[in-house]
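Q: Can you keep this structure in mind? I'll have questions shortly.
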Amino acid sequence: MDILEVIRNILQESEDLVTQVKPDEVKPEHEYRNDLGLDSLGLMTLAFELQEKYPELDETVIAEWKTVGDSIETIKKLG
Amino acid sequence: MKLVDQTLNLNLTLAGKEVLNTDRNRIIDSIKLNLEKVPKNSPILILQKDPVRFLYSFLMALDFGLIPISLPTETTEFQLEHLRKSIKGAAVFNNQDINLSKETLTESHTNCYACLTSGTTGISKLCYLNLDNALLNSKLHADSLGVNKDNTVIQTLPLYHSFGIISYIFAWIKCGFTLDLNHIFLGLKTLSKRNLKNSVIHLSPSQLRFMLKEKTSPPIGIDIISIGGGSIDNKSLKEIKRKLPNTEIYTTYGLTEAGPRVTTGLWSDHEEGFIGSSLKRVETAVLDSDSKISRTGVGKLLIKSPTLKLNIKENELIDGWLITRDQVRINENSEVFFITREDDLINFGGISLYPSDIELVIKQHPKVVDAIVLKRKSELYEEEPILIVEPTVEPSLLREFLKGKLASHQIPKLIYSYESLPRNSLEKIDRKQLYKTLEQE
């Protein structure tokens, strides 16, 4: 499963993450705050969920995440 | 002594790492180059995404005799423009850019700053607060929590908020603790990775509930947690006490119009709704259903304080008391218990959303005839807005329209539309009937 699909699944399944765009329509260019409507609590929830799949992900990097694509790039770099 | 100068001997960290004076001076110099162009006594809208830059832009504006108006980092261009036009003579300091006003100053307040109470679409919700009183309020609040220079106060709530300015910026200057600024909200998991010692954390109820959901062993080194900005259930308070048995848990109450801190109390199995007692020099009372003012009993919370906003209107006061929208009970020990907030406000994770702010913008959509914003309970955020419009319009089109005109947290995630909305005999939208319809959905 590619990283975008993992993010879509988390957004679909987590009760705490209600987005302004349907999870299966989320694209890398979508901005977390402006397009999906996630706030800092939502971003932290997403980061913690991503850590279940990618344990080496440091959640403090989310401060630098503007778009979904930014998080995909961060995770890709984990190798 | 200037405020900026007073901070240079104080410890400042960003995400746990020391911000050296050389770095601070570099930031201060670049801000100075911009702010010295602004005429004295001008209001200046401050929008700074970086917390260190916000801190020093705000303080330097005060040192320069300007009136800083702190804006949420998510303020849109539309909102910024609306505010700029509403405040005569206002300059704008948007990240690196300074824009001066061509208009003549009409602002009469001096030695003050201003904060917004909620959305940025209404000038009426701008609260001007006297600087000296705000410094006093910050010290009284810090003292009520027992915060001192040996503590490290970790920023978890927005710095630009009236609460953030008092509890982080001014309390830092008055108490001399180490201030740790952060770009993001820190959950327990993130805090566990830090080497915490004598730490103090201010939380909103939503943040507290988030922390309780985290599956992580709690960090050590947190001396004090203070929780405010919405009703806090005893179940969550008991749970955090169980997770952090050596941490003192305080509940607090404040509102921007009051300057902002009003009550604080050390929580120890109090009855539901406990928000402590008045800070020194602040008085509380209730306005009961017979419009009688009493020191004890149940009613609308009234506040008397030297720190009330400067631009207070006569209809916001009764016999010198500020009338709030919150129902409380005050017992014979002067302890205050929060009951509920007046109906129309939406408490979205500690941020007050005004339905009228959202309705005002959506009604500008060419297809929308009428609109109303209701609310629903939310486990994480306490309450969430629901937008209902007349007639039927594709929700994605409405969402797209709202983007950029409202802050992202103001855009309702739940949007419904109907060909016609139920109305009562006065042609007003029937809210009760709408709630029933929504329940069936």
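For the protein sequence lines, the chains are A and B, in the order given. Position one of the first sequence corresponds to residue 1 (this note's numbering), numbered consecutively onward. Position one of the second sequence corresponds to residue 1001 (this note's numbering), numbered consecutively onward. Heads up, the beta-carbon is just placed ideally off N, CA and C, and yes, glycines get one too.
I'd like the ranges of any beta strand (DSSP E) spanning at least 3 consecutive residues and lying wholly in the segment 1090 to 1157 of chain B.
A: If we require 3 residues or more, the beta strand (DSSP E) runs fully inside the segment 1090 to 1157 of chain B come out as 1091 to 1094, 1097 to 1099, 1112 to 1116, 1126 to 1130, 1152 to 1154.
Q: Which residue wins for smallest C-alpha separation from residue 1148/B, given the options 1129/B, 1062/B, 1172/B?
A: Considering only alpha carbons, the answer is 1172/B.
Q: Just curious, the alpha helix (DSSP H) that residue 1022/B is in, first and last residue?
A: From DSSP, the alpha helix (DSSP H) with residue 1022/B extends over 1021 to 1035.
Q: The segment 11 to 35 of chain A: which residues have C-beta closer than 8 Å to a C-beta of chain B, in chain order?
A: For the segment 11 to 35 of chain A, which is checked against every Cβ of chain B, the residues closer than 8 Å are 15, 16, 18, 19, 20, 33, 34, 35.
Q: Hey, how far is the Cα of residue 1417/B from the Cα of residue 32/A?
A: Looking at the two C-alpha atoms, the distance is approximately 25 Å.
Q: Residue 1187/B CB to nearest chain A CB: under 8 Å?
A: By this cut-off, residue 1187/B is an interface position.
Q: With DSSP run on the structure shown, which of helix, strand or coil describes residue 43/A?
A: Residue 43/A falls in the helix class under three-state DSSP.
Q: Say whether chain A places a C-beta atom closer than 8 Å to the C-beta of residue 1438/B.
A: Not one chain A Cβ lies under 8 Å of residue 1438/B.
Q: By alpha-carbon positions, which one of 1382/B, 1357/B, 1389/B, 1420/B ends up nearest to residue 1371/B?
A: Ranking 1382/B, 1357/B, 1389/B, 1420/B by Cα distance to residue 1371/B puts 1389/B first.
Q: Roughly how many angstroms lie between the CA atoms of residue 1204/B and residue 8/A, to the nearest whole one?
A: If you take the alpha carbons of residue 1204/B and residue 8/A, they lie about 28 Å apart.
Q: Taking 8 Å as the CB-CB cut-off, is residue 1403/B touching chain A?
A: Closer than 8 Å: yes.
Q: For residue 1168/B, is the classification buried or exposed, using 16 other Cβ atoms within 10 angstroms of its Cβ as the cut-off for buried?
A: Under this definition residue 1168/B is a buried residue.
Q: Is residue 1164/B helix, strand or coil when you go by DSSP?
A: The answer is helix: DSSP assigns residue 1164/B an H, G or I state.
Q: Of all Cβ atoms in chain A, is any one closer than 8 Å to the Cβ of residue 1173/B?
A: Cβ-Cβ to chain A under 8 Å: no for residue 1173/B.
Q: So residue 1145/B packs on residue 1264/B, CB below 8 Å; how close in whole Å?
A: About 6 Å separates the two Cβ atoms, so the contact holds.
Q: Restricting to Cα atoms, I'd like to know which of 1097/B, 1055/B, 1113/B is closest to residue 1065/B.
A: If we check each option's Cα against that of residue 1065/B, 1113/B comes out closest.
Q: For the alpha helix (DSSP H) containing residue 1327/B, list its first residue and its last residue.
A: Element bounds for residue 1327/B: not the alpha helix (DSSP H) but the beta strand (DSSP E), 1321 to 1330.
Q: Would you mind stating whether residue 1299/B and residue 1287/B have Cβ atoms separated by less than 8 Å?
A: It is a contact, given that the beta carbons lie within the stated cut-off.
Q: Could you tell me if residue 1001/B is buried or exposed, where buried requires 16 or more neighbouring beta carbons within 10 angstroms of its beta carbon?
A: The residue in question, residue 1001/B, is exposed, as its Cβ has fewer than 16 Cβ neighbours within 10 Å.
Q: At the level of alpha carbons, what is the spacing between residue 1188/B and residue 59/A?
A: Cα-Cα distance, rounded: 12 Å.
Q: Can a CB atom of chain B be found closer than 8 Å to the CB of residue 60/A?
A: For residue 60/A, the answer is yes, since a Cβ of chain B falls inside 8 Å of its Cβ.
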